[in-house]
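Residue numbering for the sequence shown follows our numbering, starting at 578 and increasing by one per position. For every residue, glycine included, the Cβ atom is placed at its ideal position computed from N, Cα and C. Take a look at the structure set out below.
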Amino acid sequence: MGRLSGKVAVVTGASSGMGSEIVKLYAKEGASVVAVARRQNRLEELAASLADAEGKVEIFPGDISDKAVNEAMIDFAVEQFGKFDILVNNAGIMDDMAGVDAFSDEKLLKVFSVNVYGPFYATRKAVNTFKEQGNPGAIIHIASEGAYKTCAGAVYCASKAAVVALSRNTAYMYMHDGIRSNCIIAGGFKTEISTSMGMPNMEAYGKLKAVLGTAPEPGEPTEIAKACLFLASDDSAYVNGAELAVDGGWCAS
Ligand SMILES: NC(=O)c1ccc[n+]([C@@H]2O[C@H](COP(=O)([O-])OP(=O)(O)OC[C@H]3O[C@@H](n4cnc5c(N)ncnc54)[C@H](OP(=O)(O)O)[C@@H]3O)[C@@H](O)[C@H]2O)c1
578 MGRLSGKVAV VTGASSGMGS EIVKLYAKEG ASVVAVARRQ NRLEELAASL
628 ADAEGKVEIF PGDISDKAVN EAMIDFAVEQ FGKFDILVNN AGIMDDMAGV
678 DAFSDEKLLK VFSVNVYGPF YATRKAVNTF KEQGNPGAII HIASEGAYKT
728 CAGAVYCASK AAVVALSRNT AYMYMHDGIR SNCIIAGGFK TEISTSMGMP
778 NMEAYGKLKA VLGTAPEPGE PTEIAKACLF LASDDSAYVN GAELAVDGGW
828 CAS
């Protein structure tokens with residue numbers, strides 16, 4: 578029996594990086610998982626690679642900036658597996674590192690749509706589904722050191738600060754409903770996230786180098802998956818509203 582046997586999870590951003598590692602570990606630990614992202618072929622490969630895992634993986638291709646997708650992915654989990662216990666708001670994209678003098682309107686809308694609006698829509702649906710079911714639930718947000726450090730542009734850092742606030746507010750509001758909400762403050766990791774950046778703003782990037790230079794070697798995304806396992810499992814039953822830094826010590830600099 579795995580540590581998540583009998584649980585049903587929805588993981589966004591499951592087609593690469595941290596999200597795929599979270600799906601792999603959850604399925605190995607017995608959870609039934611709905612894997613969400615836009616690239617269907619990647620999701621199909623992931624599900625096929627987990628055919629022998631204790632938990633079953635179903636894919637749900639979709640764009641997380643769309644409110645309807647956030648709602649439908651949770652309904653799909655209930656339809657497929659009979660209930661819903663765990664939401665991981667992991668999907669996210671970078672900005673181009675620009676300061677507020679030079680952010681583009683397009684980046685602001687795009688980054689907030691994926692990094693903030695998506696988690697808001699998904700968290701509302703998750704909380705209402707947990708309450709309807711009358712069972713406890715766990716929500717895990719993947720934020721970033723960018724919520725506290727100027728290690729990316731104004732848009733990305735502000736988007737992750739919003740996620741921290743969403744997580745804490747949710748933790749407080751529903752603590753008596755058995756709903757837990759926790760946040761991972763991720764440092765630098767070896768994933769595909771830089772592909773979402775586009776051409777960086779070199780003037781701003783030059784200023785960020787001093788902050789980025791204090792970071793340790795980038796971590797493996799499996800480290801995030803292990804923290805997400807803890808925050809989803811009963812081992813963290815009394816952990817709510819927390820911000821867990823998983824960053825090799827960067828938070829201490
Ligand atoms: N890597 C780091 O150093 C780092 C540091 C701090 C925080 N983080 C955070 O960690 C999280 C995971 O990122 P990662 O590093 O694993 O990056 P990644 O490898 O680029 O993965 C990002 C995932 O998000 C999905 N995604 C992006 N836009 C989406 C959309 N509109 N709809 C649905 N899914 C979407 C991507 O799938 P599709 O393209 O297939 O849709 C992909 O599966 C993000 O929230 C990121 O901000 C990363």
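**Report entry** Residues near THR768 by beta carbon distance below 8 Å, same chain, minus five either side
**Finding:** SER593, GLY594, MET595 and PRO798
Query raised in the report: Do ALA591 and ALA614 come within 8 Å of each other at the CB atom, strictly closer than that value?
Result: yes
Query raised in the report: Taking the DSSP output, what are the residues bridged to LEU821?
Result: Paired residue(s): ILE761.
Query raised in the report: With 16 as the cutoff for other CB atoms within 10 Å, does THR791 come out buried or exposed?
Result: Exposed is the call here.
Query raised in the report: Name the DSSP beta bridge partners of PRO638, please?
Result: ALA614
Report task. Taking only the alpha-carbon atoms, compute the straight-line gap between TYR815 and PHE653 and give it to the nearest angstrom. Result -> In a straight line, the C-alpha of TYR815 is about 29 Å away from that of PHE653.
Requested in this report: Have a look at SER736 and ALA612 and give me their C-alpha separation to the nearest angstrom.
Outcome: 23 Å
Query raised in the report: In its own chain, which residues sit with a C-beta less than 6 Å from the C-beta of SER582, not counting the 5 before and 5 after it?
Result: Closer than 6 Å at the Cβ level, and outside the excluded window around SER582, lie GLY607.
Requested in this report: Compare the beta carbon distance of VAL688 and VAL740 with 8 Å and say whether it is the shorter of the two.
Outcome: no
Query raised in the report: Whose C-alpha, out of ALA625, VAL585, ASP754 and GLY765, is nearest the C-alpha of MET671?
Result: Nearest C-alpha to MET671: GLY765.
**Report entry** ALA742 and GLY818 closer than 8 Å at C-beta
**Finding:** no
Report task. Kindly list the residues whose CB is nearer than 6 Å to the CB of ALA724, restricted to its own chain and excluding five residues on each side of it in sequence; keep chain order. Result -> LYS737, ALA738 and VAL741
Query raised in the report: Just to confirm, does GLU769 get its C-beta within under 7 Å of one of the non-hydrogen atoms of ligand 1?
Result: Yes, since a heavy atom of ligand 1 falls inside the 7 Å radius drawn around the Cβ of GLU769.
Requested in this report: Would you kindly work out how many angstroms separate the C-alpha atoms of ARG757 and GLU794, rounded to a whole number?
Outcome: 31 Å
Query raised in the report: Taking all protein chains shown into account, do 16 or more other C-beta atoms lie within 10 angstroms of the C-beta of GLU656, making it buried, or fewer, making it exposed?
Result: exposed
Query raised in the report: Which residues bound the beta strand (DSSP E) around ALA720?
Result: 714–721
Report task. Leaving aside the five residues before and after LYS803 along the sequence, list all residues of the same chain whose C-beta is less than 8 Å from its C-beta, in chain order. Result -> Excluding residues up to 5 positions away in sequence, LEU602 lie with their Cβ nearer than 8 Å to the Cβ of LYS803 in the same chain.
Query raised in the report: Any idea if LYS702 is buried or exposed, counting beta-carbon neighbours within 10 angstroms, 16 or more meaning buried?
Result: LYS702 comes out buried.
Query raised in the report: What does a CB cutoff of less than 8 Å around LEU623 pick up in its chain, not counting 5 residues either side in sequence?
Result: Cβ neighbours of LEU623 beyond the five flanking positions: ALA591, SER592, SER597, VAL600, LYS601, ALA612, VAL634 and ILE636.
Query - Closest Cα partner of CYS734 within the set PHE680, ARG745 and GLY695 - result: The option with the nearest alpha carbon to CYS734 is PHE680.
Query - 8 Å Cβ cutoff met for ALA586 and ALA809 - result: yes
Query raised in the report: Who are the near neighbours of ARG619 in its chain, counting only those whose CB is closer than 6 Å to its CB and skipping five residues on each side?
Result: SER592
Query - Sequence-distant residues of its chain with Cβ nearer than 7 Å to LEU789 (five each side left out) - result: The residues are CYS728.
Query - Length-filtered (4 minimum) alpha helix (DSSP H) runs lying within the segment 765–798 - result: 779–789
Query raised in the report: Three-state secondary structure (DSSP) at ILE663?
Result: Here ILE663 carries a strand assignment [DSSP, helix/strand/coil].
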